[in-house]
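2 protein chains.
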Amino acid sequence: MTTSPTPLPADSYCVIMAGGIGNRFWPVSNAQCPKQFSDILHTGKSFIRQTYERISRIFPDERIFVITGAEYEDITHRQIPELPCGNILKEPIRRNTATCIMYAAEKITKISETATMVVIPSDHFITNDNAYLEDLLDGIEFVRRNGGLLTFGITPSRIETQYGYIQVRAAEAGKKIAAVKTFTEKPDYELAQKFYESGDFLWNAGIFIWQVKDIILETRKHLYDLYSLFENNTSLNTPEEEEFINTIYGQCPNVSIDVGILEKSNQVYVLQGNFGWSDVGTWHAFQTLCKQDENNNTSNSSQVIFHNSRDCIINIPEEKIAIIYGVNDLIIAEKDNYLMICHRKEEEEIRNFEKQLKFRK
Amino acid sequence: MTTSPTPLPADSYCVIMAGGIGNRFWPVSNAQCPKQFSDILHTGKSFIRQTYERISRIFPDERIFVITGAEYEDITHRQIPELPCGNILKEPIRRNTATCIMYAAEKITKISETATMVVIPSDHFITNDNAYLEDLLDGIEFVRRNGGLLTFGITPSRIETQYGYIQVRAAEAGKKIAAVKTFTEKPDYELAQKFYESGDFLWNAGIFIWQVKDIILETRKHLYDLYSLFENNTSLNTPEEEEFINTIYGQCPNVSIDVGILEKSNQVYVLQGNFGWSDVGTWHAFQTLCKQDENNNTSNSSQVIFHNSRDCIINIPEEKIAIIYGVNDLIIAEKDNYLMICHRKEEEEIRNFEKQLKFRK
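Chains E and Y, in that order, give the protein sequences. Each residue of the first sequence is one higher than the one before, counting from 157 in my numbering. Each residue of the second sequence is one higher than the one before, counting from 157 in my numbering.
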């Protein structure tokens, strides 16, 4: 990025985590094509394609890795043909973020022991790409000078019980990058309200930067079992990698990096990001990213006509024309052969629908 | 029909009226494919195909006519390839049933002045084909012996304001074929309730039988303008027919046979039909013809799953799979590129939707 004051160091790597299954958006995202590979917002590009294009402005293709389920290798290739084949890390089973990050860190450390590693989700929405990339570069520079584990925090815009919250040390409040005092995963509503009102807490955006040696050291300290499964391996970056991974993955702990390491480490920092962020994790989040009419109806298409209706969310194929008349509080989603209509107060149920259909067959 | 006691007289003709536009079922029926050409009940056959197959058990193809909008000539041919091309009567514009019946009667009288003519709608649902055909044959025999205009009546099964009601003369009550005392088109609710409770009234099913000379005579008496447009024509059943029809049709009165002739004539009889009838004129009627689950949900497909929902009606393509969760009182219909979701209390609005979309373009 020519406008950036901070050039990208040569041994910096970016890992795109694409292991999600996105069942909250069924049928728009589904087991064949999870959310990260979908274009829920009808931008013309899937989330992962957008993520790739964004970070490829600073990372060359050979230093971008995608880690995803083995069954998504093909769709990843199709959506990011620029990526070298060896840069897709295939997980034989889902094992949460600590394992997935350890796998990537071990692979990268075998290329360069002094490498820095940026870890980003594949399915988030970013409003200001330039601000985001500058923050990444600032974060890389910080961990290279300072060490430690850096996570990105977002100033909360509402009371939200589905995110992790980060509290910075009082003495460091207001600094762009500050030492972390506490982590709290998915608080209950009352606590989330306190966090929101105090102004001292940030949402954990799931964006991490560290030197690979530091994350491996912290994994050794806090998740020794995971560390030891990778210790002394000679298979990564060789033809034996897939077999090795398939052998050990089932034994790896099913724990998030937040719970497994960040909450325990005393070396955690947070960069307060200000680039416009949404994890697009719920239909509510989808709604805030789309235009709403005067009755709070949201659709992803100009071909949806609302009459005498309010608080509806609709996501249908672009070529579809819909008339929604005299109804309230519905989520309406359609893709391929699937149609889903759900009352908004039942949104939490949507993630079970695909499974229910499977068991029905 | 070999089981019938009454053989079909050689100069009997059947006219299938297929001029409707079926906009109450949009988008399942639409301007390209109105209700009569649709298979709303997912039986595997359109209404008009079912109608044709039913009456072709007693009428040979050359004595079956379909009268429909000129734009539906192709779809009629495709759905009833057995029909001779000349047996499709093309209306250049919609002109209600009096004109449409006069056109067919004039055509048939030029083939045989002593002919008898059965007029049936193309888009009704009949439960008992044998009983229906026997009633047609009985009706034909009656008008050939007795003359007059015979209409078919159905014993009302609910208070209904959308139909015409027929009252028979007290002295003839209980007879299979009885002289008519009064006609009342679409009464208000209070009157419909009285009709229903009295037990003296029948619904007008829109099925008529008469000798062509009688209907032409009655048209001359009650709709002289219409009669005179066809009087002395030499074009019907010649290559000039289409041009002739296109020239006069705009001048023909836009009136139903019920209002224009039957209500005024003193020669009207009613045959009390008992063959299981529905005009499938509303989604409510659709619902009564389909299986309902324990929460009064109706769908045309086994691939629709209702959870925690009641009183919904859904009609979607066969290959579609739908999950309907936590909603009540919806009509959900989908076809081709169109999706419609409407609260049941707004059902009357549906007929305007296609027009609204047209004006929007």
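We put the CB at the ideal spot given by N, CA and C, even for glycine. All of these numbers come straight from a predicted model, not from anything done at the bench.
Where residue i falls: helix, strand or coil (DSSP)
i	result
Gly429(E)	strand
Tyr319(Y)	coil
Ile310(E)	strand
Cys498(Y)	strand
Cys256(E)	helix
Gly362(E)	strand
Ser194(Y)	coil
Phe462(Y)	strand
Ser457(Y)	coil
Thr158(E)	The predicted model places Thr158(E) with a pLDDT of 45, which falls under 50 and marks its position as unreliable; any figure quoted below should be read in that light. In this structure, Thr158(E) counts as coil in the three-state DSSP scheme.
Phe215(E)	coil
Ala174(E)	strand
Lys511(E)	helix
Leu305(E)	strand
Leu379(E)	coil
Ser268(Y)	coil
Gln367(E)	strand
Ser421(E)	coil
Ile220(E)	strand
Asp291(E)	helix
Gln448(E)	strand
Ser434(Y)	strand
Glu328(E)	helix
Ser202(Y)	coil
Beta-carbon spacing of residue i, residue j below 8 Å
i	j	result
Ile417(E)	Ala261(E)	no
Phe364(Y)	Thr307(Y)	yes
Cys170(Y)	Arg250(Y)	no
Leu293(E)	Ile214(E)	yes
Gln448(Y)	Lys476(Y)	no
Ile177(E)	Ala187(E)	yes
Leu245(Y)	Lys266(Y)	no
Glu510(Y)	Asn179(Y)	yes
Gly320(E)	Thr338(E)	no
Glu247(Y)	Gly295(Y)	no
Trp359(Y)	Val299(Y)	no
Asp167(Y)	Ser268(Y)	yes
Ile469(Y)	Gln443(Y)	yes
Ile236(Y)	Val222(Y)	yes
His280(Y)	Val184(Y)	no
Arg466(E)	Asn453(E)	yes
Trp439(Y)	Glu503(Y)	yes
Chain E residues whose Cβ lies nearer than 7 Å to that of residue i
i	result
Cys446(Y)	Within chain E, no residue comes near Cys446(Y); the closest Cβ sits about 18 Å away, beyond 7 Å.
Interface residues of chain Y facing residue i [CB-CB closer than 8 Å]
i	result
Gly482(E)	Cys498, His499, Lys501, Glu502, Glu505
Chain-ordered chain E contacts of residue i [CB-CB under 8 Å]
i	result
Ile469(Y)	In chain order: nothing, as chain E lies at least about 12 Å away.
Glu474(Y)	Residues of chain E passing the Cβ test: none, with the nearest at roughly 10 Å.
Contacts of residue i in chain Y (Cβ-Cβ under 7 Å)
i	result
Phe509(E)	Ile479
Ile488(E)	Ile497
Neighbouring residues, chain E, relative to residue i (Cβ below 9 Å)
i	result
Ile177(Y)	Going along chain E, no residue has its Cβ under 9 Å from Ile177(Y), so there is no contact; the nearest lies around 17 Å.
Amino acids of chain Y, ordered along the chain, whose beta-carbon sits closer than 9 Å to that of residue i
i	result
Lys491(E)	Near Lys491(E) there are no residues of chain Y at all, since even the closest Cβ is about 11 Å away, more than 9 Å.
Glu346(E)	In chain order: nothing, as chain Y lies at least about 26 Å away.
Tyr494(E)	Lys476, Ile477, Ala478, Ile479
Leu392(E)	Residues of chain Y passing the Cβ test: none, with the nearest at roughly 42 Å.
Leu513(E)	Ile461, Ile477, Ile479
Identified DSSP bridge partners for residue i
i	result
Thr340(E)	Tyr321(E)
Lys263(Y)	Its beta-bridge partners do not exist; DSSP assigns none.
Ser278(Y)	Bridge partners of Ser278(Y): none, in fact.
Phe357(E)	Gln323(E)
Ile488(E)	Ile470(E), Ile497(E)
Glu522(Y)	Given that chain Y is displayed from residue 157 to residue 517, the structure contains no residue 522(Y) and the question cannot be resolved.
Tyr481(E)	His463(E), Cys498(Y)
Ile333(E)	Leu427(E)
Tyr208(E)	DSSP, once it has assigned bridges, lists no residue as partnering Tyr208(E).
Tyr169(E)	Met273(E)
Below-8 Å beta-carbon distance, residue i vs any chain C residue
i	result
Ile196(Y)	Of the protein chains in the structure, E and Y, none is chain C.
heavy atom of the ligand PLP below 7 Å from residue i C-beta
i	result
Arg376(Y)	Although the ligand PLP was asked about, the structure shown includes no ligands whatsoever.
For the structure I just gave you, are there three or more beta carbon pairs, one from the region 294-312 of chain Y and one from the region 423-439 of chain Y, closer than 8 Å?
yes
Pair every Cβ in the region 309-329 of chain Y with every Cβ in the region 346-355 of chain Y, then say whether three or more of these pairs are closer than 8 Å.
yes
Please determine if the region 364-381 of chain E and the region 396-414 of chain E are in contact, where contact requires at least 3 C-beta pairs separated by less than 8 Å.
yes
Specify whether the region 478-493 of chain Y and the region 493-500 of chain E touch according to this definition: at least 3 beta carbon pairs, one from each stretch, less than 8 Å apart.
yes
Are the region 280-299 of chain E and the region 431-440 of chain E touching by the rule of at least three beta carbon pairs closer than 8 Å?
yes
Below 8 Å, can you find three or more Cβ-Cβ pairs linking the region 365-374 of chain Y to the region 336-345 of chain Y?
no
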